[in-house]
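Just below is one structure, and these are the notes that go with it.
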Amino acid sequence: MPESTLLQVENLVLHFRTVKGVVQAVDGVDFDLAHNQAAVVIGESGCGKTSLARAILRLLPRNVQAYSGRIRLNGLDVMALGDEEFRRQVRWVKISMVPQSAMNALNPVIRVGDQVAEPSMVHHGLKKADALEQARKMFEHVGVPEDFLSRYPFELSGGMRQRVAIAMALVTAPDLILLDEPTSALDVLTQANIMNMLKRIKQEMGTSFILITHDVATSSELADRVVVMYAGQIVETREARRFFNEPLHPYSKKLMASVPRLRGDVEPEFITGQPPSLIRPPSGCRFAERCPERFERCAEEPPMVRSHVHAVKCWLYA
Amino acid sequence: MLEREGELGNEGGRVADTLAERQNGALASIRNLRVWFELRRFGFGHAGYVRAVDGVSFDLGYGEAVAVVGESGCGKSTLMRTLLGLHRPTGGQVIFEGADLSTKSKAAMKWYRSQVGYIQQDPYGALPPFMTVERILSEPMLINGIKDAAERRERMHRALEEVKMTPVEEFLPKFPHMISGGQQQRVVIARSIILGPKMLVADEPVSMLDASVRVEILKLLRGLQESHGLAVIYITHDLSTVRYFSERILVMYAGQMVEKAPIGDLLRDPRHPYTHALLEATSDPDAENATRFKDVPPGEPPSLVRPPTGCRFHPRCSRIMSGLCDKEEPPDFEPAPGHYAKCWLYR
Numbered sequence: 133m134p135e136s137t138l139l140q141v142e143n144l145v146l147h148f149r150t151v152k153g154v155v156q157a158v159d160g161v162d163f164d165l166a167h168n169q170a171a172v173v174i175g176e177s178g179c180g181k182t183s184l185a186r187a188i189l190r191l192l193p194r195n196v197q198a199y200s201g202r203i204r205l206n207g208l209d210v211m212a213l214g215d216e217e218f219r220r221q222v223r224w225v226k227i228s229m230v231p232q233s234a235m236n237a238l239n240p241v242i243r244v245g246d247q248v249a250e251p252s253m254v255h256h257g258l259k260k261a262d263a264l265e266q267a268r269k270m271f272e273h274v275g276v277p278e279d280f281l282s283r284y285p286f287e288l289s290g291g292m293r294q295r296v297a298i299a300m301a302l303v304t305a306p307d308l309i310l311l312d313e314p315t316s317a318l319d320v321l322t323q324a325n326i327m328n329m330l331k332r333i334k335q336e337m338g339t340s341f342i343l344i345t346h347d348v349a350t351s352s353e354l355a356d357r358v359v360v361m362y363a364g365q366i367v368e369t370r371e372a373r374r375f376f377n378e379p380l381h382p383y384s385k386k387l388m389a390s391v392p393r394l395r396g397d398v399e400p401e402f403i404t405g406q407p408p409s410l411i412r413p414p415s416g417c418r419f420a421e422r423c424p425e426r427f428e429r430c431a432e433e434p435p436m437v438r439s440h441v442h443a444v445k446c447w448l449y450a
Numbered sequence: 004m005l006e007r008e009g010e011l012g013n014e015g016g017r018v019a020d021t022l023a024e025r026q027n028g029a030l031a032s033i034r035n036l037r038v039w040f041e042l043r044r045f046g047f048g049h050a051g052y053v054r055a056v057d058g059v060s061f062d063l064g065y066g067e068a069v070a071v072v073g074e075s076g077c078g079k080s081t082l083m084r085t086l087l088g089l090h091r092p093t094g095g096q097v098i099f100e101g102a103d104l105s106t107k108s109k110a111a112m113k114w115y116r117s118q119v120g121y122i123q124q125d126p127y128g129a130l131p132p133f134m135t136v137e138r139i140l141s142e143p144m145l146i147n148g149i150k151d152a153a154e155r156r157e158r159m160h161r162a163l164e165e166v167k168m169t170p171v172e173e174f175l176p177k178f179p180h181m182i183s184g185g186q187q188q189r190v191v192i193a194r195s196i197i198l199g200p201k202m203l204v205a206d207e208p209v210s211m212l213d214a215s216v217r218v219e220i221l222k223l224l225r226g227l228q229e230s231h232g233l234a235v236i237y238i239t240h241d242l243s244t245v246r247y248f249s250e251r252i253l254v255m256y257a258g259q260m261v262e263k264a265p266i267g268d269l270l271r272d273p274r275h276p277y278t279h280a281l282l283e284a285t286s287d288p289d290a291e292n293a294t295r296f297k298d299v300p301p302g303e304p305p306s307l308v309r310p311p312t313g314c315r316f317h318p319r320c321s322r323i324m325s326g327l328c329d330k331e332e333p334p335d336f337e338p339a340p341g342h343y344a345k346c347w348l349y350r
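This is how it looks when you write it as structure tokens:
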């Protein structure tokens with residue numbers, strides 16, 4: 133394990149109670165992240181990506197059935213902290229988040245400048261004028277004109293709102309920012325501009341990112357490491373450079389093959405069948421039913437096969 | 004059904020004679036189309052127009068698939084809605100099989116709508132939640148006077164088989180919420196082809212679906228287009244999917260078409276600076292991406308209430324020629340045969 137490890141997640145579990153049964157949204161997830169590293173979590177909708185982010189930031193709904201495991205941040209066991217301590221010491225101080233839809237992330241009746249200033253006032257105890265000055269600096273970083281500070285969210289375009297939401301996550305200078313589909317609702321040029329901006333922030337401020345997305349092509353814009361999730365579990369973790377050339381897990385291979393490409397002459401394929409229900413996931417490998425390479429052993433739960441550069445949950449590599 | 008076709012035959016035939024040669028057998032011709040929406044102040048005072056579509060021309064051949072690519076707010080949805088007969092053009096014409104839509108009677112418009120299938124972006128929103136698949140598919144046939152229940156059933160079966168929803172009997176009694184997103188989109192597609200249209204308008208048909216299902220639906224649409232000889236207008240903001248689907252591509256920016264070209268030509272040799280930017284912004288999965296910055300223009304598309312003078316892309320363009328691009332609107336130049344670019348670079 134690299135010495136500059138920022139985040140270590142071990143056996144993280146998040147289950148929800150619903151009328152139909154217990155949804156095993158995050159089911160025994162392990163991974164770690166180094167300082168100034170960007171990991172992307174990719175997978176289909178409903179695979180538990182967003183729940184993973186919420187579990188890390190402890191933004192939990194009321195219907196939690198089980199929430200356990202170990203999360204260490206800079207060596208500090210944050211799972212041992214009480215809710216209030218977690219709020220004071222971790223949330224938005226060390227880890228912040230850009231939620232899925234920026235429009236819903238912003239309060240419609242508060243000026244965006246005040247919203248971006250608020251975390252500095254709450255967590256750093258700054259006076260309003262100083263906090264606004266901080267907000268102004270952040271606006272500069274994310275490329276929002278200064279006079280937008282006094283505007284309301286509805287006066288901003290989708291791209292600008294997304295930048296404001298990113299500014300809000302950056303303003304307390306956290307070590308780690310969780311980005312949940314930050315660009316999926318945006319146009320391609322705006323998307324490219326925002327990815328450029330995130331790369332610049334990563335270089336200049338040394339921030340680490342966890343980018344959650346279903347868009348494999350865009351994910352490659354930021355990724356140092358790729359984490360592939362399927363049905364509530366991580367099936368592969370690998371260095372981006374290797375992953376995009378040669379994914380290991382059969383699901384990762386299928387997922388990569390389904391991406392339409394602009395350049396090169398590869399016909400995209402599709403994955404037959406549907407992901408299993410997270411209420412009663414199949415025993416054994418959860419991808420077995422859709423897997424072209426399945427064999428007898430897949431009826432048993434595969435181990436996480438680890439080397440120093442990758443981890444893959446598949447019997448083919450055991 | 005037969006009566007209606009007769010009706011149109013009379014009306015359409017007359018106009019068709021005069022326009023047939025000019026159109027070279029195009030199924031639909033869009034001529035200098037403008038769709039403006041009036042802005043009102045305090046409910047009545049005139050406050051200008053939103054020029055959503057402003058001078059768009061193109062032809063669509065029988066059985067041809069074209070893609071209209073552009074960012075949100077570029078007018079592609081307004082263009083689509085006008086083609087579907089949902090907006091009246093402010094100026095210019097939409098000519099379908101030789102007849103101008105604006106001259107059509109109400110009955111002829113109804114016939115026209117049966118000839119144009121529509122595939123919506125959000126399948127769940129497009130399907131009434133309180134209707135079963137059977138009812139959803141019957142609706143267009145009932146409205147268009149297919150009175151014979153046996154024929155309706157037969158068409159329903161055929162359409163569902165074509166979108167690969169088998170066994171059909173299993174899906175007919177289901178409500179939209181009981182089937183997956185991909186299956187919902189299949190029902191939408193089945194509904195759009197059930198009257199045997201000549202043209203389909205597909206508005207971002209796969210953008211709401213998961214990557215793994217996306218390709219499947221695109222291939223299905225492509226198959227239907229080929230087997231039925233359907234003309235398809237595929238509206239999207241995602242350049243990476245267009246080449247699996249269409250032969251020609253039309254790039255829209257701020258209410259106008261800035262580049263029109265066969266797909267291979269456009270990807271190999273894009274001419275308009277905006278098209279360059281779109282291609283640059285579109286990523287393929289490649290770890291190298293993380294190490295370089297993309298060369299994309301800053302800023303956002305202009306307001307369509309007061310679009311920039313001259314070329315509408317000039318405020319963001321890196322190859323601007325001052326005194327020309329910001330003053331005069333470029334016409335369509337043809338730098339290569341069949342490849343049009345609305346840009347002064349090719350004068």
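Sequence order for the protein chains is A and B. For the first sequence, my numbering assigns the number 133 to the initial residue and increments by one for each residue that follows. For the second sequence, my numbering assigns the number 4 to the initial residue and increments by one for each residue that follows. Ideal Cβ positions, reconstructed from N, Cα and C, are used throughout, including at glycine. Computed from a prediction, not measured in an experiment: that's the story for all the values here.
According to DSSP, is residue i helix, strand or coil?
{"i": "A:N206", "result": "coil"}
{"i": "B:M134", "result": "coil"}
{"i": "B:H317", "result": "helix"}
{"i": "A:A249", "result": "helix"}
{"i": "A:A317", "result": "coil"}
{"i": "A:P392", "result": "coil"}
{"i": "A:R412", "result": "coil"}
{"i": "B:Y256", "result": "strand"}
{"i": "B:G184", "result": "helix"}
{"i": "B:Q26", "result": "With a pLDDT of 46 at B:Q26, under the threshold of 50, the modelled position of that residue is not reliable, and the figure given next carries that caveat. In this structure, B:Q26 counts as helix in the three-state DSSP scheme."}
{"i": "A:I242", "result": "coil"}
{"i": "A:H273", "result": "helix"}
Just list the residues that DSSP pairs residue i with in beta bridges.
{"i": "B:P265", "result": "B:R251"}
{"i": "B:W39", "result": "B:R54"}
{"i": "B:M202", "result": "B:V119 and B:A234"}
{"i": "A:G305", "result": "It should be pointed out that residue 305 of chain A corresponds to Ala in this sequence rather than to Gly. Per DSSP, none; premise fails for A:A305."}
{"i": "A:K445", "result": "A:M436"}
{"i": "A:I457", "result": "Residue 457 of chain A falls outside the range modelled here, since chain A spans only 133 to 450, and no answer is possible."}
Since residue i is in the alpha helix (DSSP H), which residue starts that stretch and which ends it?
{"i": "B:Q228", "result": "A214 to H231"}
{"i": "B:R155", "result": "A152 to E165"}
{"i": "A:Q140", "result": "Looking at the DSSP string, A:Q140 is not in any alpha helix (DSSP H); the run it does join, the beta strand (DSSP E), is T137 to T150."}
{"i": "A:L302", "result": "G290 to L302"}
{"i": "B:H342", "result": "It is not in any alpha helix (DSSP H) - B:H342 instead sits in the beta strand (DSSP E) that spans H342 to A344."}
{"i": "B:A284", "result": "P276 to A284"}
To the nearest angstrom, how far is the alpha carbon of residue i from that of residue j?
{"i": "A:C430", "j": "B:I220", "result": "29 Å"}
{"i": "A:Q221", "j": "A:I227", "result": "9 Å"}
{"i": "B:K113", "j": "B:H160", "result": "24 Å"}
{"i": "A:A355", "j": "B:P179", "result": "37 Å"}
{"i": "B:E8", "j": "B:D206", "result": "In this prediction, B:E8 has a pLDDT of 41, which is less than 50 and means its spatial position is unreliable; what the coordinates show is noted afterwards. Taking the straight line joining both Cα atoms gives about 27 Å."}
{"i": "A:T404", "j": "A:P314", "result": "28 Å"}
{"i": "A:V155", "j": "A:A171", "result": "25 Å"}
{"i": "A:D246", "j": "A:I326", "result": "22 Å"}
{"i": "B:K201", "j": "A:K445", "result": "49 Å"}
{"i": "B:P265", "j": "B:D125", "result": "28 Å"}
{"i": "B:E165", "j": "A:Y383", "result": "28 Å"}
{"i": "B:M83", "j": "B:V204", "result": "7 Å"}
{"i": "A:R324", "j": "A:E353", "result": "Rather than Arg, the amino acid found at residue 324 of chain A in this sequence is Ala. A:A324 and A:E353: Cα-Cα distance of roughly 9 Å."}
{"i": "A:W224", "j": "A:I366", "result": "26 Å"}
{"i": "A:L191", "j": "A:V348", "result": "26 Å"}
{"i": "A:R295", "j": "A:G275", "result": "7 Å"}
Whose Cβ in chain E lies nearer than 8 Å to the Cβ of residue i?
{"i": "B:A293", "result": "The structure shown has no chain E; the protein chains it does contain are A and B."}
Quick one: give me the first and last residue of the beta strand (DSSP E) that residue i is part of.
{"i": "A:T369", "result": "Q365 to E371"}
{"i": "B:E337", "result": "F336 to A339"}
{"i": "A:Y362", "result": "R357 to Y362"}
{"i": "B:V245", "result": "Taken as a continuous stretch (DSSP letters only), B:V245 belongs to no beta strand (DSSP E), being part of the alpha helix (DSSP H) at L242 to V245."}
How about residue i: is its Cβ closer than 8 Å to a heavy atom in the ligand GDP?
{"i": "A:L311", "result": "In terms of ligand content, the structure shown is empty, and the ligand GDP therefore cannot be addressed."}
Quiz prompt | Residues within the segment 379 to 400 of chain A neighbouring chain B, beta-carbon criterion of under 8 Å | solution = Within the segment 379 to 400 of chain A, the residues whose Cβ lies closer than 8 Å to some Cβ of chain B are K386, L387, M388, S390, V391, P392, R393, L394, R395, G396, E399 and P400, listed in chain order.
Quiz item: Between the segment 306 to 327 of chain B and chain A, which residues of the former have a C-beta closer than 7 Å to a C-beta of the latter?
Solution: Cβ contacts with chain A: none found.
Exercise. May I ask you to list, following chain order, the residues of the segment 196 to 215 of chain B that have a beta carbon less than 8 Å from some beta carbon of chain A?
Key: Within the segment 196 to 215 of chain B, the residues whose Cβ lies closer than 8 Å to some Cβ of chain A are D213, A214 and S215, listed in chain order.
Quiz prompt | Where the segment 71 to 93 of chain B meets chain A: residues whose CB sits under 8 Å from a CB there | solution = Flagged, chain order: E74 and S75.
Quiz item: When you check each C-beta in the segment 299 to 320 of chain A against every C-beta of chain B, which residues fall closer than 8 Å?
Solution: Only those residues of the segment 299 to 320 of chain A whose C-beta falls short of 8 Å from the nearest C-beta of chain B are listed: D319 and V320.
Quiz item: At a Cβ cut of 7 Å, what residues of the segment 200 to 233 of chain A count as close to chain B, listed as they run along the chain?
Solution: Result list empty, no residue passes.
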